[in-house]
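Peer 1: Here it is: the structure, laid out below.
Residue numbers (this note's numbering): 34 to 138.
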């Protein structure tokens, strides 16, 4: 059985993005949770689908990245784990990714 582990900070990221989207468009915001859920399910079924994220090549953290379906600038940073994936963070690609991920390890 495949498993999905979502870190608290990733849940917080999703909530913050939902609030931001709701200020822009309620229709777009209404689609976001389902898109996130479908993306997570896709990653659970195919953990190696994402691209390796090597912010520091000297460290092999096994982090991969994939965009949220329908929201190409929203990135899911995750790590394959035994029988599934661990979702580390979910945020817009224009943010300072290295700094945001730095505190996760």
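Cβ atoms here follow ideal geometry from the backbone N, Cα and C, with glycine treated the same way.
Once DSSP output is grouped into helix, strand and coil, what is the label at residue 125?
Peer 2: Of the three classes helix, strand and coil, the one that applies to residue 125 here is strand, per DSSP.
Peer 1: Please list, in chain order, all residues of the same chain as residue 85 whose beta carbon is under 7 Å from its beta carbon, the five residues on each side excluded.
Peer 2: 97, listed in sequence order.
Peer 1: Would residue 114 and residue 47 be called neighbours here (beta carbons separated by less than 7 Å)?
Peer 2: No.
Peer 1: Would you mind giving the Cβ-Cβ distance between residue 37 and residue 118, rounded to the nearest angstrom? I have them listed as a contact below 8 Å.
Peer 2: Yes, they are in contact, since the Cβ atoms of residue 37 and residue 118 sit about 6 Å apart, within 8 Å.
Peer 1: Looking at C-alpha atoms only, which residue of 64, 44, 82 and 56 is the closest neighbour of residue 112?
Peer 2: Looking at the Cα atoms, 82 is the closest of the given residues.
Peer 1: Nearest to residue 102 by alpha carbon, out of 66, 132 and 40?
Peer 2: Selected option, being the one with the closest Cα: 66.
Peer 1: In its own chain, which residues sit with a C-beta less than 7 Å from the C-beta of residue 73, not counting the 5 before and 5 after it?
Peer 2: The residues are 37 and 120.
Peer 1: Given residue 130, which residues of its chain have a CB within under 6 Å of its CB, disregarding the five upstream and five downstream residues?
Peer 2: Excluding positions up to five away in sequence, the list is empty.
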